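Data block below; observations after.
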Amino acid sequence: MLVLYVLGRHPSHGYDYSAALLEEASQWNDVVALPMNEGRVTTNKTVGQYGDWGDEVDVGMSRKVYMWFDLAHRLFLTASYIAKGDDDMFLRVPLFVAHLRLLPRRGIYMGLHVGSTQYKKMGLPGNTFMIGWCYTLSRDVAEALVSYNRCGAWPTCRTARSVMTNLHCSVFTARTPWLLGFLRRK
1 MLVLYVLGRH PSHGYDYSAA LLEEASQWND VVALPMNEGR VTTNKTVGQY
51 GDWGDEVDVG MSRKVYMWFD LAHRLFLTAS YIAKGDDDMF LRVPLFVAHL
101 RLLPRRGIYM GLHVGSTQYK KMGLPGNTFM IGWCYTLSRD VAEALVSYNR
151 CGAWPTCRTA RSVMTNLHCS VFTARTPWLL GFLRRK
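In UniProt numbering, the protein residues as written are 1 to 186.
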């Protein structure tokens, strides 16, 4: 298992990497710096509370997760699984690896699915989406995620990354039910 820290540039340092981060990255070689800025928090949420940090943060997180899975599936060609975990969670690595050994190598999403009734109130079908402290995709599922390219509902959409950010930012219409469960179908 290879543990890497995937980061964007954070607003608390003027979107520059801090000297401490650069030093740690050069010492341990375990940091992947993505070419993106993290979003600014626009709500009063604090660490440990439920809720969200605001649209800019949510869109940035969607982009960062997409970019990580896109990079990892192309960079780590022999990896059977690719995971995303929060920096403040505790992972019992021996148990995690034991669970992976029991799973098939294809068609796996191991993590939390969350649904929302907000979409039903808007007349759209129910949905589930990836969320949480840690989720793991088999290589084929990660590849399907980043190569998904059904953008008919948004004429300006060109990539799966655009779909992920448009899902959060766009006004939903009845033309978008295909998007709400596309991970479920894989």
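Cβ atoms here follow ideal geometry from the backbone N, Cα and C, with glycine treated the same way. Remember, predicted model here, so these are calculated numbers, not experimental data.
Using a 10 angstroms sphere on the CB of residue 132, the tally of other CB atoms stays under 16, which defines it as exposed. The stretch 100-117 makes no contact with the stretch 26-33: fewer than 3 CB pairs, one atom from each, lie closer than 8 Å. With a contact defined as Cβ atoms closer than 8 Å, residue 146 and residue 70 qualify at about 4 Å. If the five residues before and after residue 91 are omitted, its C-beta is found closer than 8 Å to the C-beta atoms of 85 and 134, all from its own chain and listed in chain order.
Exclusion of the five residues before and after residue 72 leaves 79, 82 and 142 as the residues of its chain whose Cβ lies within less than 8 Å of its Cβ. Between residue 58 and residue 18, the alpha-carbon positions lie close to 23 Å from each other.
A Cβ-Cβ separation of about 7 Å places residue 8 in contact with residue 60 under the 8 Å criterion. A distance below 8 Å separates the beta carbons of residue 105 and residue 138.
Excluding sequence positions up to five before and after residue 15, its CB lies within less than 6 Å of the CB of 9 and 37, all in the same chain and listed in chain order. Annotation: the continuous alpha helix (DSSP H) that includes residue 66 extends over 55-75.
Residue 56 and residue 39 have their alpha carbons spaced roughly 5 Å apart.
Assigned with DSSP and collapsed to three states, residue 2 falls in coil, not helix or strand. As computed with DSSP, residue 7 is found in a beta bridge with 33.
In terms of Cβ geometry, residue 6 and residue 64 form a close pair [threshold 8 Å]. Counting along the chain, the unbroken alpha helix (DSSP H) around residue 25 starts and ends at 19-28. Note on residue 62: 16 or more other CB atoms within 10 angstroms of its CB, so buried under the neighbour-count rule. Counting of Cβ neighbours within 10 angstroms places residue 46 among the exposed residues, the total staying below 16.
Under DSSP, residue 78 forms no beta bridge with any residue. For residue 77, the closest of 44, 140 and 103 by C-alpha to C-alpha distance is 140.
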